[in-house]
Amino acid sequence: MAHAALLHPALPSTSAAAARSYRAAPLVLPRRSRRRLLRPMASSTAAQAPAPGLKEGIAGLYDESSGVWESIWGDHMHHGFYESGEAASMADHRRAQIRMIEEALAFAAVPDDPEKKPKTVVDVGCGIGGSSRYLAKKYGAQCKGITLSPVQAERGNALAAAQGLSDQVALQVADALEQPFPDGQFDLVWSMESGEHMPDKSKFVSELARVAAPGGTIIIVTWCHRNLEPSETSLKPDELNLLKRICDAYYLPDWCSPSDYVSIAKSLSLEDIKTADWSENVAPFWPAVIKSALTWKGITSLLTSGWKTIRGAMVMPLMIQGYKKGLIKFTIVTCRKPRAA
1 MAHAALLHPA
11 LPSTSAAAAR
21 SYRAAPLVLP
31 RRSRRRLLRP
41 MASSTAAQAP
51 APGLKEGIAG
61 LYDESSGVWE
71 SIWGDHMHHG
81 FYESGEAASM
91 ADHRRAQIRM
101 IEEALAFAAV
111 PDDPEKKPKT
121 VVDVGCGIGG
131 SSRYLAKKYG
141 AQCKGITLSP
151 VQAERGNALA
161 AAQGLSDQVA
171 LQVADALEQP
181 FPDGQFDLVW
191 SMESGEHMPD
201 KSKFVSELAR
211 VAAPGGTIII
221 VTWCHRNLEP
231 SETSLKPDEL
241 NLLKRICDAY
251 YLPDWCSPSD
261 YVSIAKSLSL
271 EDIKTADWSE
281 NVAPFWPAVI
291 KSALTWKGIT
301 SLLTSGWKTI
311 RGAMVMPLMI
321 QGYKKGLIKF
331 TIVTCRKPRA
341 A
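Residue numbers (UniProt numbering): 1 to 341.
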């Protein structure tokens with residue numbers, strides 16, 4: 001999904017109740033929690049019961065934060081794509097966010113040919129529909145979007161109407177693990193930064209594959225942890241601690257690695273599986289987000305938002321730390337559903 005709250009937790013909430021619900025992350029992670037957070041592949045992708053209130057927490061986070069994000073960064077609630085070493089700025093952020101979409105489409109070799117381009121698209125974790133509207137206009141496609149946030153769905157549909165796209169774009173509240181669509185409906189299945197919210201990664205990818213049309217393309221852009229070394233069964237304690245603190249602030253369940261996603265895709269007999277690490281290409285984005293939080297508008301929103309939001313702002317530098325350590329990997333995974341025999 002386009003992640004307003006994930007990328008800008010410094011600005012979202014005006015809810016005192018939400019602020020009271022925040023629990024500060026511990027500095028030292030209990031051994032049992034370490035095992036639960038990141039376990040080996042054989043069990044980490046098994047069916048997992050979501051943490052109590054996870055969906056409600058995610059929905060509330062985005063209900064509160066999306067308007068602030070849109071007012072500062074626009075309707076594309078995801079990282080921008082930059083050349084390695086390029087600096088990010090508020091002036092060119094939209095260009096970089098659009099480039100992220102185009103780079104993902106190019107990596108997956110989505111055709112522009114009028115006869116082969118996607119005619120039906122689903123945007124899984126659609127935010128306020130920035131990608132939905134972009135893809136609908138680019139391909140002339142019918143696009144459905146799903147989000148857990150009623151506020152996002154309502155705002156996204158209003159934006160589609162304002163742009164004359166109501167006949168092409170429709171957003172609704174739905175769970176990505178139980179999509180309300182029939183099998184084999186979409187030529188392009190798009191998930192931009194929503195996979196990190198999914199408590200069951202296998203079920204998540206299985207649902208993406210289920211709704212994909214035969215021969216359809218699946219694109220997942222998501223946050224992962226690094227691949228484990230052959231001698232490792234888990235990440236290091238300090239790495240687990242860092243991820244746990246991020247998870248607590250941003251309503252994230254277990255993380256997985258890029259190789260985990262590849263294994264899941266193979267288990268579903270998906271084809272043309274490709275993956276890449278774009279961490280260097282998104283490295284400038286988080287510093288730019290933090291800088292935007294230090295503007296007058298950002299500071300004003302922060303000071304009126306409550307303790308939960310302030311704690312979220314304090315966690316943002318941990319994302320930068322995670323990237324610099326090589327722990328957090330900004331990953332793209334693409335594949336295709338086999339054509340019908």
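Here a beta-carbon is modelled for each residue, glycine too, at the ideal position from N, C-alpha and C.
Residue i - partner residues in DSSP beta bridges
{"i": "residue 181", "result": "None; residue 181 has no bridge partner."}
{"i": "residue 107", "result": "Paired residue(s): none; residue 107 is not in a bridge."}
{"i": "residue 277", "result": "331"}
{"i": "residue 192", "result": "221"}
{"i": "residue 143", "result": "121 and 169"}
{"i": "residue 133", "result": "According to DSSP, residue 133 bridges with nothing at all."}
{"i": "residue 204", "result": "Note: residue 204 sits in no beta bridge, so no partner."}
{"i": "residue 271", "result": "336"}
{"i": "residue 285", "result": "None, per the DSSP bridge assignment."}
{"i": "residue 186", "result": "212"}
Buried or exposed (CB count within 10 angstroms, at least 16 for buried), residue i
{"i": "residue 233", "result": "exposed"}
{"i": "residue 95", "result": "exposed"}
{"i": "residue 231", "result": "exposed"}
{"i": "residue 294", "result": "exposed"}
{"i": "residue 360", "result": "Only positions 1 to 341 of the chain appear in this structure, which leaves residue 360 out of reach."}
{"i": "residue 6", "result": "Any answer about residue 6 is weak, because its pLDDT of 38 lies below 50 and its placement is not dependable; what the coordinates show is given next. Flag for residue 6 reads buried."}
{"i": "residue 3", "result": "The predicted model places residue 3 with a pLDDT of 45, which falls under 50 and marks its position as unreliable, so this point remains unresolved."}
{"i": "residue 84", "result": "exposed"}
{"i": "residue 405", "result": "Any question about residue 405 goes unanswered here, given that the chain covers just 1 to 341."}
{"i": "residue 123", "result": "buried"}
{"i": "residue 71", "result": "exposed"}
{"i": "residue 167", "result": "exposed"}
{"i": "residue 112", "result": "exposed"}
{"i": "residue 53", "result": "exposed"}
{"i": "residue 329", "result": "buried"}
Integer-rounded CB distance, given that residue j should sit under 8 Å from residue i
{"i": "residue 268", "j": "residue 205", "result": "7 Å"}
{"i": "residue 165", "j": "residue 133", "result": "6 Å"}
{"i": "residue 145", "j": "residue 77", "result": "With a Cβ gap of about 12 Å, residue 145 and residue 77 do not count as contacting."}
{"i": "residue 314", "j": "residue 246", "result": "About 11 Å separates the two Cβ atoms, so there is no contact after all."}
{"i": "residue 65", "j": "residue 125", "result": "Rounded, the Cβ-Cβ distance is 14 Å, inconsistent with contact."}
{"i": "residue 225", "j": "residue 259", "result": "With 8 Å as the limit, residue 225 and residue 259 do not qualify as a contact, their Cβ atoms being about 11 Å apart."}
{"i": "residue 189", "j": "residue 177", "result": "Between residue 177 and residue 189 the Cβ distance is about 14 Å, and since that is not below 8 Å, they are no contact."}
{"i": "residue 221", "j": "residue 193", "result": "6 Å"}
{"i": "residue 110", "j": "residue 141", "result": "Not really, about 11 Å apart at Cβ, beyond 8 Å."}
Contact set for residue i: own chain, Cβ-Cβ below 6 Å, skip 5 residues either direction
{"i": "residue 157", "result": "171"}
{"i": "residue 138", "result": "none"}
{"i": "residue 338", "result": "271"}
{"i": "residue 336", "result": "217, 271 and 272"}
Close beta carbons around residue i, own chain, < 7 Å, minus the five adjacent residues each side
{"i": "residue 49", "result": "Residue confidence is low: residue 49 scores 44 on pLDDT, short of 50, so the model does not pin down where it sits. Its coordinate-derived value is still stated next. No residues qualify anywhere along the chain."}
{"i": "residue 37", "result": "For residue 37, the predicted model reports a pLDDT of 38, less than 50, meaning its position is unreliable and no value from the coordinates is stated."}
{"i": "residue 276", "result": "107 and 332"}
{"i": "residue 93", "result": "73, 80 and 288"}
{"i": "residue 283", "result": "323"}
Proximal residues to residue i (C-beta, below 8 Å), its chain only, five neighbours per side dropped
{"i": "residue 325", "result": "239 and 242"}
Q) Which runs of the beta strand (DSSP E), 3 residues or longer, sit entirely within the segment 211-250? A) 212-225
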